[in-house]
Each structure stands twice: as C-alpha cells, then as structure tokens.
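Quick note: the sequence shown uses my numbering, first residue 1, plus one each step. The structure appears below as structure tokens.
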Amino acid sequence: MFFSKKKFRMVSMIACGILASALFTGCGGDSAGGGGTDKAAGDEIVIGSNFELTGNVAQYGANANNGLKLAIKEINDAGGINGKKIKIVEADAKSEAAEAVNAATKLISDDKVVALIGPAVTANVIAESQVATDNMVPIIAPAATNPDVTVENGQVKSYIFRACFIDPQQSEVMAQFARKDLMAEKAVLYIDSSSDYSKSLGKIFKEKFEADGGVVVMEEAFLAKDQDFKAALTKIQTANADVIFVPAYYEEVGKIIKQARELGITAAILGTDGWDDSKVIDIAGKEALNNTFFCTHYFEGDEEVQGFINAYKNEYNNDPNVFAALGYDAGKMLINAIERGGDDGQKIRDNIETITDLQVGTGKITMDAATHNPIKGIVVIETKDGVRSLRTKIAPEG
C-alpha cells in the first residue's frame, strides 16, 4: 500500500518539477510566496484540507476531514478569529502519494492556503512535505504515526507537525502491558507485511517485549485485503503463546479475531490504534473480542472528551472514530496557532511549535519543539461482550 522513503522523494521531486510553472515560488525557489500575508487578507483565512477522499484508504481520509470541518465550523459559528472566518478548500489526495503532491501544489499555488491539514496516512504526508516546506506552508498530519513524518536523519522537519503519537510509543506501551499487566512470557507477532505501519509496530514490540524478559516465539504475516487467515492461525495455535500481537487495521483485525476464536485460540490478542473502529465488533462478533486489548488516543467514556463526541454526533448523526477525533485535534491546533497571531505560514509554524496544554478532542496536548510530536496521553482499551472499557491510561511524558 505504501512507498519506500526513496520513492517518496522521487514522487515529490517529479510532481514538483511537472507543476513548477504553476507555482510562484517553485520547488526550491524563493520561499516567500507560500507564507505571504495576502492569504489571510480580507474577511477569510484560507486553509487546505488534503485528505484521501477516494481510493483504498478513503474511509480514513473522509473521517479525518469530517473532524477537521467540525472544528472549523465551531470557530466560525463563534464569530471566527478577529472577525475573520476560516475557509476550508478541500482537495482529494486519492490515496496515492503522487496525487497528494498534486493536491498540495494546487492548494498552495492556486488557492493560497496558509496551512495544510492532512493527508491521513504516512506515505501521503511524506510525499507532500517538500512542496509545503519549500513554500513555507505548515502541515499538521492528524494520524500519520511513522516517526519519519516529522524527523528525518535526526533532523526535525521545520514545517511538518502531527496530532497523533508515534508508532514506537504504541508498541512500547503494548509490550509493557503484555509483560506487566498480563504477565505474558511468550508472544506471537502476526503482521500485515504489505503495511509499513504494521511492520514497524511489530519490530518495536518484539524489541521491547524481549528487552523486558519475554520471548517472541513465532512471527507470521498476511496481506491487506486477505479474507482467510486460518492456515496461519493454525500454525500460531501450536505456539501456545500467552499473547498474539496484531498491529493492523480494523477490517483484517476483525476477521483475524473471529477466525482465531473459531479455531479455539483463547490467548489474549493485542493491537494498536488501527483497531479503533466500531466495525471491529460487527466483523468479529462480541464474544470473539473478549480478552482483546488495544491502545489508542482516547477513551469515549472520559469526561474530557465528551464535548467533542457529542458535537460530532450532533453534526454527523454517528459516532466518531479515531480518524475523526484526530482530524478534529489537528483543526483545534491550527485554530490555536492562528488565534495567537498566525496570519501567515511562518507565524503559524512558530505558534504550532509552542502549543502548550491545549484542550483538543482527545484530551490535552503540548507540542515537543524538538520532534514536532505532541506530548499526550495514551489509553489501553479492553473489550468484553462487545463493550469497551478503559483498562489503563498512561500519562504523557515530557
């Protein structure tokens, strides 16, 4: 589904070259145009929404875009910022890295946006990063959890930020939870080998689990969109592991859990934020999800997130998922940066970098200026008979 880092750069460079004539600044040219104050002139502040609205990850992009639109609607309904309303110009990244670059280029050159929110997934954010940076337009990535999004070769990317925690935090939390809370000694990894997200999470879980004294006794793999997992699960069953770590997205996760229980596998099954969708229950079935645990960004029962959840239900007549929540968070971060005097790309960038103790949809966050990652809490959710409950909450570090 995703591209290698080398290909990210190639796609971005090619798209920039093709579309350079459309940009006032061009890729690598004079960078003043992207952050000019004319973009916030008049009665509107124009921002860009660059999400995957079509293609194979459209469900992620569409939900994140809904969360963003809710945050902007709220501030506009309250009178805007210093009398100015925020205007969202939407573009479709089409679930492809090259299209994410095309969309970002248009938003910057034609629509004169002061900032970009999105895309939803790592590959597409990395692809658009260079054209945004060259034009001094900050990006807030709501849900791209790979560390390379904001830091490359030890250097922070000046104009790229995120609203979510990163993959290593998720894997470390779940490895620690397996060892200390579940007292697990043996684990199996079952990863999506077509997903950089899944492979990265599996690698870090193994390192942390074994560093804490556990042993990963088996590693198996599947591919996104697979339907039948029973052959691999039959092998996994022979390992007699205490936990099975499945860092993947909800569609495959639901089927894996359902088929594992049908085979008689009773071990605890663990996962990460890719599980965080109510459709897991529909796919797996309520009873199959007993003795399963995953980490994510918030728990819907927490008092501090009720405002967001209720507002989302009122606006869209359904429950938000994690992508919607993170899209909302990114919108709140951008609003805060603009409210503190962000009338161009450079000022918005500076203000995002200094966000401190900001209440967003999933809780409170502070931006780590050294990494452009938010310092925020993480929760572990347990499911029993189809009902989710908070198993543990890990306070933010930093």
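Yeah, the Cβ is synthetic: ideal placement off N, Cα and C, and Gly gets one too. On a predicted model such as this, the values are computed, not experimentally measured, just so you know.
A direct Cα-Cα distance of roughly 24 Å separates aspartate 226 from threonine 296. By a beta-carbon distance limit of 8 Å, leucine 223 does not contact serine 200. Their separation comes to about 16 Å.
Between the region 252-259 and the region 271-291 there are three or more inter-stretch CB-CB distances shorter than 8 Å, so the stretches are counted as touching. With 16 or more other Cβ atoms from the protein chains shown falling within 10 Å of its own Cβ, lysine 376 counts as buried. Look at the beta carbons and you see the region 145-157 not touching the region 93-102: under three pairs across the two are nearer than 8 Å. Apart from sequence neighbours up to five positions away, the residues of its chain that approach asparagine 56 with a beta-carbon distance below 6 Å are Ser95, ordered along the chain. Counting other Cβ atoms within 10 Å of its Cβ, methionine 367 reaches 16 or more and is therefore classed as buried. Around the C-beta of methionine 183, fewer than 16 other C-beta atoms lie within 10 Å, and the residue is accordingly described as exposed. Distance from the CA atom of phenylalanine 51 to the CA atom of threonine 238, rounded to whole angstroms, is 42 Å. In this structure, the beta-carbon distance from lysine 279 to tyrosine 250 falls below 9 Å.
Cβ contact annotation for lysine 186 (same chain, cutoff 6 Å, sequence separation greater than five): Val215, Val217, Ala241, Asp242, in chain order. The C-alpha of glutamate 300 is placed about 39 Å away from the C-alpha of serine 109.
When the five nearest sequence neighbours on each side are left out, the beta carbons in the same chain lying within less than 8 Å of the beta carbon of glutamate 74 are those of Ala311, in order along the chain.
The count of Cβ pairs closer than 8 Å, one atom from the region 355-365 and one from the region 320-331, reaches three, so the stretches are in contact. The alpha-carbon of lysine 157 is positioned some 18 Å away from that of aspartate 167. Judged by DSSP secondary structure, asparagine 373 falls within the beta strand (DSSP E) whose first and last residues are 373-375. For alanine 260, same chain residues with a beta-carbon under 6 Å away, outside a window of 5 residues either side, are Leu233 in chain order.
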